[in-house]
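As they're listed, the protein sequences go chains A and B.
Heads up: the first sequence begins at 74 in the working numbering, then just goes up one per residue.
Heads up: the second sequence begins at 74 in the working numbering, then just goes up one per residue.
First up is the structure itself, then whatever we jot down about it.
2 protein chains.
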Amino acid sequence: MFDVEGHDVHQCPGGWVPVYPDQDQRLALMSIGFLLQNRDDAVVWRGPKKNAMIKQFIGDVVWGDLDYLIIDTPPGTSDEHISVVENVRPYHPDGAVLVTTPQGVAVGDVRRELTFCRKTKLPVLGVIENMSGFVCPHCTECTNVFSKGGGEALANQFNVPFLGCVPLDPQLTRSLEEGQRFVDAFPTSTTAQAIGRVTQTLLQREEQQDDMDTS
Amino acid sequence: MFDVEGHDVHQCPGGWVPVYPDQDQRLALMSIGFLLQNRDDAVVWRGPKKNAMIKQFIGDVVWGDLDYLIIDTPPGTSDEHISVVENVRPYHPDGAVLVTTPQGVAVGDVRRELTFCRKTKLPVLGVIENMSGFVCPHCTECTNVFSKGGGEALANQFNVPFLGCVPLDPQLTRSLEEGQRFVDAFPTSTTAQAIGRVTQTLLQREEQQDDMDTS
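Okay, here's the thing in structure tokens:
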């Protein structure tokens, strides 16, 4: 997605150097993909090896002075999630953003993830409803391919912020396939604007939090 | 999806009795969901507990005389997959059906799963491309929401059967939400027919295999 295939992670005296997709090094990436000899190699690891790697990704990478560290996890509430929560706790994480699709089976999974956040006392920044409707590029009619409203209902049920709906957009997939920045390439698309609003909401919340902390 | 929420698993002298969604008991289901006190409880388990449960689901359930045992796994190549492969090996499994969506990032994951099948000597029955195009119900134009052709290209790359494309269909989601049998309710839909063709291909392959084994 970031057009960084084939990039390598290097070792420096301070630890692993992450991969920078941009010249200006505004974004640093770390992924197990960078450590594989062959990109099609299966990473056949049971939990303990994954947990050790997560610990290294958080503690042994020369992240530098970061504004934000975003950790993308698979769905569920297993090794990856327990290890991430345990390893970021000393750094007082802002919290979790939960992404669901609208239909019941997906919302059920994310409902259990919210229960997990409550149990582990990880704050919840909010819920995003992804793949929320599809506007046909031929007739501009909207179809709720995967039902509708499940994300907002879930946020209300748990009394956490609903961050918004992000509709399906074939241009998003195409941009990701081609390593193109979707939000820059299609700034007027409904999906790009929805992503922008989610980001703004999260950044404003952060600023308010900072104001509260300093006042 | 099977409208079996709230059903319980009972213990009998031979082991756990699975849940039957139908009166005629043609389908037996087993899921960790049946064992939870509350359906929203998060199952916060590291690998070893999951592995023990998978072993029990295969060995300690009174499955009876089955024609087919289908094990649905999450994406990836970790604890669940290693444990399933290890525990079904004594029963000589027919093989794995790999389901991908068309876009590159999904195909990349499934490519690693194919590598995993090769490594563990699990036969591959074929690849299905799911969410493969969306026919707008308003104008009947087809849009490739998540790109197109990734599943077939992957099957060709690994020289395994391509089982077909299953397009997106909002009626499928709605049926699943309502516990309705989609294939019976919408038999003429493109998606129901695509699912039917995949099933037929798999059943025919099975018959050919049986003929070869008896000849």
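We put the beta carbon where it would ideally sit given N, CA and C, even for glycine.
Using the Cβ count rule (16 or more neighbours within 10 Å means buried), how would you classify Asn229 of chain B? For the purposes of this step, residue 229 of chain B is taken as residue 156 along the second sequence, with counting starting at 1. By the Cβ neighbour-count rule, Asn229 of chain B is exposed, with fewer than 16 other Cβ atoms within 10 Å of its own.
Considering Thr173 of chain B, what are the terminal residues of the beta strand (DSSP E) in which it resides? Locating residue 173 of chain B in the second sequence gives position 100, counting from the first residue. Following the DSSP letters along the chain, one finds Thr173 of chain B inside the beta strand (DSSP E) bounded by residues Ala169 to Thr173.
Measuring alpha carbon to alpha carbon, tell me which of B:Met126, B:Asp133, B:Asp140 and B:Arg112 ends up nearest Gly88 of chain B. Taking the second sequence and counting its residues from 1, one reaches residue 88 of chain B at position 15. Taking only the C-alpha atoms, the option nearest Gly88 of chain B is B:Asp133.
When Cβ atoms are compared, which residues of the stretch 115 to 134 of chain B fall closer than 9 Å to chain A? Those residues of the stretch 115 to 134 of chain B that come within reach of chain A (Cβ to Cβ, closer than 9 Å) are Ala115, Val116, Val117, Trp118, Arg119, Gly120, Pro121, Lys123 and Asn124.
Let me know the secondary structure DSSP gives Glu251 of chain A once reduced to three states. Locating residue 251 of chain A in the first sequence gives position 178, where the first residue counts as 1. Coil, per DSSP.
Cα-Cα separation, Val161 of chain B to Gly177 of chain B: Taking the second sequence and counting its residues from 1, the one referred to as residue 161 of chain B is at position 88. Taking the second sequence and counting its residues from 1, the one referred to as residue 177 of chain B is at position 104. Val161 of chain B and Gly177 of chain B: Cα-Cα distance of roughly 30 Å.
Helix, strand or coil for His154 of chain A per DSSP? Stepping through the first sequence from its first residue, residue 154 of chain A is reached at position 81. Of the three classes helix, strand and coil, the one that applies to His154 of chain A here is helix, per DSSP.
Run through DSSP, which three-state label would Glu202 of chain B get? Here the question's residue 202 of chain B lines up with position 129 in the second sequence. Of the three classes helix, strand and coil, the one that applies to Glu202 of chain B here is strand, per DSSP.
Just the chain B side, please: which residues come within less than 8 Å of His211 of chain A by C-beta, in chain order? Taking the first residue of the first sequence as position 1, residue 211 of chain A is located at position 138. Simply Cys209, Cys212, Glu214 and Thr216.
Straight-line gap, Asp242 of chain B to Lys122 of chain A (C-alpha atoms, nearest Å): Taking the second sequence and counting its residues from 1, one reaches residue 242 of chain B at position 169. Taking the first sequence and counting its residues from 1, one reaches residue 122 of chain A at position 49. Straight-line Cα distance between these residues: approximately 39 Å.
Which term fits Glu186 of chain B, buried or exposed, when burial requires 16 or more other beta carbons within 10 angstroms of its beta carbon? Position 113 of the second sequence holds residue 186 of chain B. Around the beta carbon of Glu186 of chain B, 16 or more other beta carbons sit within 10 angstroms, so the residue counts as buried.
Any Cβ of chain B within less than 7 Å of the Cβ of Leu108 of chain A? The count along the first sequence starts at 1 and reaches residue 108 of chain A at position 35. False, the Cβ-Cβ gap to chain B never drops below 7 Å.
Chain-order list of residues whose beta-carbon lies under 7 Å from that of Leu245 of chain A (same chain, five-residue window excluded): Sequence index remark: in the first sequence, residue 245 of chain A carries index 172 (1-based). Answer for Leu245 of chain A: Phe255 and Thr264, listed in chain order.
Strand pairing of Phe235 of chain B, partner residues [DSSP]: As a position in the second sequence, residue 235 of chain B is number 162, starting the count at 1. Partner(s): B:Val200.
Can you tell me whether Gln84 of chain A is helix, strand or coil according to DSSP? Position 11 of the first sequence, counting from 1, holds the residue named residue 84 of chain A. Three-state DSSP puts Gln84 of chain A in a strand.
Quick one: is the Cβ of Pro121 of chain A within less than 6 Å of any heavy atom of the ligand NAD? The ligand NAD is absent from the structure shown, which contains no ligand whatsoever.
Along the alpha helix (DSSP H) that carries Gln266 of chain A, what are the first and last residues, could you check? As a working note, residue 266 of chain A is residue 193 in the first sequence. Thr263 to Thr287 is the span of the alpha helix (DSSP H), which, as asked, contains Gln266 of chain A.
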